[in-house]
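Which chain is which? The protein sequence lines are B and Z, in order. With the first letter of the first sequence counted as 1, position 70 gets the number 566 in the numbering used here; the numbers rise by one all the way through. With the first letter of the second sequence counted as 1, position 135 gets the number 142 in the numbering used here; the numbers rise by one all the way through. Where is the CB? At the ideal position from N, CA and C, for every residue including glycine. No experiment lies behind these values; they were computed from the predicted model shown.
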Amino acid sequence: MKYERILIRYGEISTKGRNRNQFVEKLRKSVRIALAPFPNIKVEANRDRMYVLLNGENCEEVIGELKSIFGIQSFSPAIKVKRDIEVLKQSSLEIVRSLFKEGQTFKITPKRSDKTFELDTDGINHTIGGHLLKNIPGMKVKVKNPDINLRIEVRKEAIYLSCETIQGAGGLPVGSGGKAMLMLSGGIDSPVAGYMAMKRGLEIEAVHFFSPPFTSERSKEKVIDLTKKLAEIYGSMTLHIVPFTDIQQTIAEQIPENYSMTSTRRMMLRITDEIRKKQEGLAIITGESVGQVASQTLESMFAINEVTNTPILRPLITMDKTDIIRIAHEIDTLEISNRPFEDCCTIFVPASPKTKPKREKVQHYESFFDFDPLIHEAVQETETLVIKPDNKQRSEFSELF
Amino acid sequence: MIYFDNSATTKPFKEVLDSFVTVSSEYYGNPSSLHGMGGQAEKLLSQARDQVSKLLTVKPSEIYFTSGGTEGNNLAIKGSALLHKNKGRHLITSSVEHPSVKSAMEQLEQEGFEITYLPVDEFGRISVADLERSIRKETILISIMLVNNEVGTIQPINEIGDLLKKYPTILFHVDAVQGIGKIPLPLNKYRIDLCSISGHKFHGLKGTGALFIREGVRLAPLFSGGNQERKIRSGTENVAGAVAMAKALRMTLTKAEIGLERMENIRSMLRKGLTEIDGVQIHTPIENSAPHILNFSLKGIKSEVFIHSLEQKGIYVSTTSACSSKKKSPSKTLLEMGVSVTLAESAIRVSLSFENSMEEANTVLAAFRESATQLRKVMK
């Protein structure tokens, strides 16, 4: 049996009302981007369903791509047939016969969203079930956990037949929820936070703090590689690389050692917020998890968060490290994050940072120096890259391969 | 010169050598070095890994670079045995494996492991039923080759994999050194845990290879050192070799798309021509054999004599496998298939590459006829 289309069921999008079309449009864009390597494919979308018309492209490869797209509840490879009982009988038989192996069981799950069709669900069950039983000797009906579940969806324009339902990634289509800045350090947590924010529909731009020579080119490459991974979700991602050496050195000179970390985070947040304004984002995302390290205690967050009232989203806030690592592994960022280079979070860490810093104290220490010009300069000199997923960028060496 | 000994080794593609030279001379940094040159070398290595993994339909983290087939096979077999010896001490393999598998098994036998060597039928193939019967509670690993290096028989790898779905704790290693590029091996679909390949068998360079280790499968390393290749294979990475192998694999798989059919045609022609020569017996089975190998005996003429007679005409073929032909012992595979010792002593292996042409095959066939007639006169 050769499938000619894949039927996509929306997840949460289907709970949306008048703005549903915007969500569908974003999902269609995600699907288009993911399926760009298959030029013959056509995507049709309406309020309730999306159809990927294969036009001869490899069904299995397309399925592999669809699995990771946010906003898809589930999907099924399907064939479209005319609204005619004889045609339906014939096609049902073909599709089940192609899957049937000796001793297997089946059931039919009919759905009739268009009630004008002459058979109701019971009628479909009897007519088609009877036809299959008569023509495939040895096959038995089993309602619970059958080997083959033939879904028959009667819709206004046609009937769709499918035998397999594949779980999608869930969530909302990327870009349907506005833009936010992700603070991307190079560690395990921040890419996971970005991934989860994207799963809820946010469009993301990453911000990374780069302090040469204290952090190396290779730690920057690591962040670029992480961004590439995240870029696979939406085809590209913007990465802002902030020169941070001057500020870090000034903090080391101006702020007592045990408060330097708190102050560093405040500066990073201020810079990120400035970039957010320029890029018209609405929130900042971090990979913080409460209590994980000194900068992520409630006291620290209280002292650091003071510098902005922009919403700070912390998708991992109540998650355990082991769960975060598991997700990082699933989304393929773990191995990149584990590369052993110093990054903006690991260098300049004092021997004993304050785990319970006080707002008043950090304000007091920072009051002796005007950081504004330095922050302004860092924002001005930020390098902005548009990162594409792999194999499009590695042209540097491509002739060697 | 006609080179028909491609199962022994292949001629490296020019493009592959070019990459090797460029990488060796311009990007000679150590991937573990922190500076930029190390970074470039690391990038090259990871791109090579990405490419090999894509071509083999697996994940980059499942590819480990080795020095070739022998190392891959040893690492897979001894590495699993070492780590899992507390689970059990029984391994299963076939009686026609390459020496790098067979000897590794024999070494384990001396260490107190028990090995079952499965017999083969007259076509050189093991039976899946035999295999199932020899599985025990203590079985930790099964190692079977994809394509036999001496006669070209394809083993029922997919069927074994299907059977092993019932035995999830048994590791399944496939020595694909002779099969890769000739026989489809969808590692993403088959139930295979470990799979070794070697670069010089598909126009890469000697000293390059890879072992596929399925995610979640653990091995003990055989080399101690700097923990390269995620601790599985210490030793400074052969970046140029890995890049060269990635390129060779890509080129080979591209050529295979049209080359396989042509190769099969050349071999059929050789097979047909050979059967018309008096006293020729062909050992390579007609069905389920790789398209590049043809093994036959010319009754009454020792292989070595025939080889040298062909060499005078500029034609290079082989007695049995390159590894054992110097030992002057008849092919183990043929003996296991039930071929008599005298006949096995006359065995010749012709092995093709995608670069060989029908004209070459015609020349070779004519030379076979001529040599056979000449030698017959002398030897009788």
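May I have the straight-line CA-CA distance separating residue i from residue j, to the nearest angstrom?
i: B:Ile883; j: B:Gly682; result: 15 Å
i: Z:Lys189; j: Z:Lys94; result: 36 Å
i: B:Gln889; j: B:Glu877; result: Unreliable placement is indicated for B:Gln889, whose pLDDT of 48 sits below 50; no coordinate value is reported for it.
i: B:Pro709; j: B:Pro535; result: 45 Å
i: Z:Lys208; j: B:Glu895; result: 22 Å
i: Z:Lys85; j: Z:His91; result: 10 Å
i: Z:Phe11; j: Z:Leu267; result: 16 Å
i: Z:Glu377; j: Z:Leu317; result: 9 Å
i: B:Arg651; j: B:Ile604; result: 16 Å
i: B:Leu629; j: B:Met635; result: 6 Å
i: Z:Leu194; j: Z:Leu170; result: 16 Å
i: Z:Ser40; j: B:Gly560; result: 37 Å
i: Z:Val181; j: Z:Asp200; result: 8 Å
i: B:Asp580; j: Z:Glu362; result: 56 Å
i: Z:Ala111; j: Z:Asn81; result: 6 Å
i: B:Arg855; j: B:Phe798; result: 7 Å
i: B:Val639; j: B:Ala702; result: 50 Å
i: B:Gly507; j: B:Glu653; result: 22 Å
i: Z:Ser101; j: Z:Arg257; result: 30 Å
i: B:Glu614; j: B:Lys576; result: 18 Å
i: Z:Leu115; j: Z:Ala88; result: 8 Å
i: Z:Thr259; j: Z:Phe303; result: 27 Å
i: B:Thr806; j: B:Ala693; result: 16 Å
i: Z:Gly186; j: Z:Thr261; result: 15 Å
i: Z:Lys196; j: B:Asn551; result: 24 Å
i: B:Arg608; j: B:Asp616; result: 7 Å
i: B:Met733; j: B:Pro885; result: 9 Å
i: Z:Val246; j: Z:Val59; result: 13 Å
i: B:Thr746; j: B:Thr793; result: 25 Å
i: Z:Asp25; j: B:Lys522; result: 46 Å
i: B:Leu726; j: B:Ser594; result: 39 Å
i: B:Gly783; j: B:Ala530; result: 26 Å
Quick one: which chain B residues come within Cβ less than 8 Å of residue i?
i: Z:Leu281; result: What Z:Leu281 touches in chain B: nothing, since even the nearest Cβ is about 40 Å away.
i: Z:Arg257; result: Phe897
i: Z:Leu359; result: Under the 8 Å cutoff, chain B gives no residues; its nearest Cβ is about 26 Å from Z:Leu359.
i: Z:Leu51; result: Phe893, Leu896
What residue does the beta strand (DSSP E) around residue i start on, and which one ends it?
i: Z:Ala111; result: Premise fails: Z:Ala111 lies in the alpha helix (DSSP H), 106 to 117, not in any beta strand (DSSP E).
i: Z:Lys213; result: Counting along the chain, Z:Lys213 falls outside any beta strand (DSSP E), and DSSP gives it neither H nor E.
i: B:Gln663; result: 662 to 666
i: Z:Val287; result: 287 to 289
i: B:Pro606; result: 601 to 608
i: B:Lys576; result: 568 to 577
i: Z:Ser60; result: It is not in any beta strand (DSSP E) - Z:Ser60 instead sits in the alpha helix (DSSP H) that spans 43 to 62.
i: B:Tyr547; result: 545 to 549
Counting along the chain, where does the alpha helix (DSSP H) carrying residue i start and finish?
i: Z:Thr282; result: 246 to 282
i: Z:Thr340; result: 339 to 343
i: B:Ala654; result: From DSSP, B:Ala654 is part of no alpha helix (DSSP H); its letter is neither H nor E.
i: B:His860; result: 855 to 862
i: Z:Asn6; result: This structure cannot settle anything about residue 6 of chain Z, because the visible part of chain Z is limited to 8 through 387.
Interface residues of chain B around residue i at Cβ under 7 Å?
i: Z:Ser26; result: Leu896
i: Z:Gln58; result: Phe897
i: Z:Val30; result: Leu896
i: Z:Gly43; result: Glu713
i: Z:Gly46; result: Glu713, Arg714, Glu717
In chain Z, which residues lie with their C-beta within 7 Å of the C-beta of residue i?
i: B:Glu831; result: Ser68
Taking Cβ-Cβ distances shorter than 9 Å, what residues in chain Z pair up with residue i?
i: B:Phe798; result: Going along chain Z, no residue has its Cβ under 9 Å from B:Phe798, so there is no contact; the nearest lies around 37 Å.
**Prompt:** Between the segment 713 to 735 of chain B and chain Z, which residues of the former have a C-beta closer than 7 Å to a C-beta of the latter?
**Reply:** Glu713, Arg714, Glu717
**Message:** To be precise: take each residue of the segment 226 to 255 of chain Z, compare its Cβ to all Cβ atoms of chain B, and keep it if any distance is under 7 Å. Which residues remain?
**Reply:** Val250, Ala253, Lys254
**Prompt:** Can you list the alpha helix (DSSP H) stretches of 4 or more residues lying completely in the segment 716 to 802 of chain B, in chain order?
**Reply:** 741 to 750, 753 to 775, 794 to 801
**Request:** Using a Cβ-Cβ cut-off of less than 9 Å, list which residues of the segment 70 to 99 of chain Z approach chain B; keep chain order.
**Result:** none
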